[in-house]
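2 protein chains.
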Amino acid sequence: MEKKIITISRQFGSGGHEVGMKLAQKLGVKFYDKELVDMLAKDGKYNADFIEANEEKCSPPMCPVMPGFSMPVFYQDLPSDLIYKGQSKLIRTLAERGPCVVVGRCADYILRNMNPVNCFVYGSLEARVNRKMSMIPEGLSFTREEIKKRVIDVDKKRAKYHEFYTDKRWGRMEDYDLCVNTDKVGIEGAVETIAAYVEHCK
Amino acid sequence: MEKKIITISRQFGSGGHEVGMKLAQKLGVKFYDKELVDMLAKDGKYNADFIEANEEKCSPPMCPVMPGFSMPVFYQDLPSDLIYKGQSKLIRTLAERGPCVVVGRCADYILRNMNPVNCFVYGSLEARVNRKMSMIPEGLSFTREEIKKRVIDVDKKRAKYHEFYTDKRWGRMEDYDLCVNTDKVGIEGAVETIAAYVEHCK
């Protein structure tokens, strides 16, 4: 099998990060998710906290991008735009080095000229809230309602971010090659499913 | 692997019928698509032509179903409703007999209490038109525009049918377990992908 560039977009709480990580291990390729934050921070322009606070966010909410334009010119110096530009360049450079799995950060759009396999990992709201509830660090306490609100809010932000910087709609089936619901198959099942798909990709 | 009931919804021209057929062969389970027309016709109430002309159509277009109701009472004697009721009963009976693959006909909704694996097979409009162009029988002639219009029209009818008889939206990712685009993997790749998913289903 020719090794591919795989992008994974994911609903919050669906396990998309773990799916991407295990998929990269299985295929023996590089994996980039939060690693991108540290790598960009190493460039020295911004520190990791600043990047994390401003990445995957759309600075001016509800401002749609015009088809054919990556972002309106008058917004180009906002923090999230600086991060977007830096991360885009970094993601392209890494993908040019060889096959990899990239999670989030509009990688499906940024790498569109490199024929990536674009996957979307999702799940029912109930299952995603359950997963996040089970991941609350010891000593902290959140109600189910608080977690549910966070799950919904993060996805809203991801959708806005994607729609602001690309001409695609986040989570619309037609914009992906494969969409895997983890409710019934878990992380391992999703990894095996994506691997089977990638193996047959032309 | 415990054998499952698998439903396949499909965009017209995506190859969903062939995917379902080959998947059933691979898994060694029964396959139902157009077979349902003949089986219902054998019951004797309606002939196959009448069924084919009225199945997977929504009699009164644009009339939404109320959540919790399968259809408005005053429409229950229209031809497509008679077919829907007959096919629903038949699909449930067949699924109760054992694992199978059922294509279209709202089987995902009809069998919702039997924990089916619900798949959606789709593709780009261009690829779907290409597939249908390649399937034009010898001696017949259609323009690309005519085929494109047919592809779009059939899917509109399927969407209306599904939305009329169920409380789900046809082709909305969240209503399926797995959504496979056949553009890059073809029929065989889609079959292997679904088989990998089904193998890991709890």
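Same order as they appear, the protein sequences are chains A and B. All residue numbers for the first sequence refer to UniProt numbering, where the first residue is 1 and numbers rise by one. All residue numbers for the second sequence refer to UniProt numbering, where the first residue is 1 and numbers rise by one. Glycine included, each C-beta is placed from N, C-alpha and C at the ideal position. Predicted, not measured: the structure shown is a model, and the values here were computed from it.
Worksheet entry | A:S134: first and last residue of the uninterrupted alpha helix (DSSP H) it sits in | That residue, A:S134, is in no alpha helix (DSSP H); it is neither H nor E in DSSP.
Worksheet item: Under 8 Å between C-beta atoms, does A:Y122 make it to chain B?
Response: yes
Worksheet item: With distances taken between CB atoms, is the gap from B:D177 to B:C119 smaller than 8 Å?
Response: yes
Discussion item. Here's a check: name, in chain order, each residue in its chain whose Cβ is nearer than 7 Å to the Cβ of A:P61, leaving out the five neighbours to either side.
Written reply: Caution applies to A:P61, whose pLDDT of 43 falls short of 50 and renders its modelled position unreliable; the value that the coordinates give is listed next. If we look at A:P61 and ignore the five residues flanking it on each side, its Cβ neighbours are K160.
Worksheet item: What's the gap between the Cα of B:K3 and the Cα of B:P99?
Response: 6 Å
Worksheet item: Just to confirm, does A:K156 get its C-beta within under 7 Å of one of the non-hydrogen atoms of the ligand SAM?
Response: As for the ligand SAM, it is missing from this structure, which has no ligand bound.
Discussion item. On the DSSP bridge list, what partners appear for B:R10?
Written reply: B:V121
Worksheet item: How is B:L140 classed by DSSP in three states: helix, strand or coil?
Response: coil
Item to complete: Check the DSSP bridge columns for B:L178 and list the partner residues they point to.
Response: A:V180 and B:C119
Item to complete: Could you please give the first and the last residue of the uninterrupted beta strand (DSSP E) stretch that includes B:V103?
Response: C100 to V103
Item to complete: Could you name the residues of the stretch 153-185 of chain B whose beta carbon sits closer than 9 Å to any beta carbon of chain A, in the order they occur along the chain?
Response: G171, R172, M173, E174, Y176, D177, L178, C179, V180, N181, D183, K184 and V185
Worksheet entry | Given A:S88 as reference, the closest of A:I194, A:M135 and A:D33 once Cα atoms are compared | A:D33
Discussion item. With a threshold of 8 Å between beta-carbons, can B:Y109 be considered close to chain A, or not?
Written reply: no
Discussion item. I'd like to know whether the C-beta atoms of B:V129 and B:V154 end up nearer to each other than 8 Å.
Written reply: no
Discussion item. If you reduce the DSSP assignment to three classes, tell me which class B:K3 lands in.
Written reply: coil
Worksheet item: Alpha carbon to alpha carbon, what distance is there between A:K168 and A:G13?
Response: 22 Å
Item to complete: Indicate whether B:L111 and B:T7 have their beta-carbon atoms separated by less than 8 Å.
Response: yes
Worksheet entry | Exposure label - A:Q11; buried when at least 16 CB within 10 Å | buried
Worksheet entry | Pick from A:K30, A:K85 and A:G20 that is closest to A:K45, judged by C-alpha positions | A:K85
Fill in: Assigned exposure category for A:R158 - 16 Cβ within 10 Å defines buried
buried
Worksheet entry | Bridge partner(s) assigned by DSSP for A:F31 | A:V101
Discussion item. Using a Cβ-Cβ distance cut-off of 8 Å, determine whether B:C201 contacts chain A.
Written reply: yes
Fill in: Cβ neighbour criterion (16 or more within 10 Å) applied to B:G123
buried
Worksheet entry | Contacts of A:E188 in chain B (Cβ-Cβ under 8 Å) | H200
Worksheet item: Is B:K202 helix, strand or coil by DSSP?
Response: coil
Practice prompt. Look up A:G86 in the DSSP assignment and say whether it is helix, strand or coil.
Written response: helix
Worksheet item: Cβ of A:A24 less than 8 Å from any chain B Cβ?
Response: no
Fill in: First and last residue of the uninterrupted alpha helix (DSSP H) at A:D108
A107 to I110
Worksheet item: What is the DSSP secondary structure of A:G186, reduced to helix, strand or coil?
Response: helix
Fill in: Environment of A:K22 [buried if 16+ CB atoms lie within 10 Å]
buried
Discussion item. Cβ closer than 9 Å: which chain B residues qualify as neighbours of A:E192?
Written reply: A196, Y197, E199 and H200
Worksheet entry | A:D155 - DSSP class collapsed to helix/strand/coil | helix
Discussion item. Using 8 Å for Cβ pairs, my map puts B:E192 next to A:A195. What's the rounded Cβ distance?
Written reply: Not confirmed; about 10 Å, so no contact.
Discussion item. Spatial neighbours of A:V37 within its chain, please: C-beta separation below 8 Å, excluding the five flanking residues on both sides.
Written reply: A48, I51, E52 and E55
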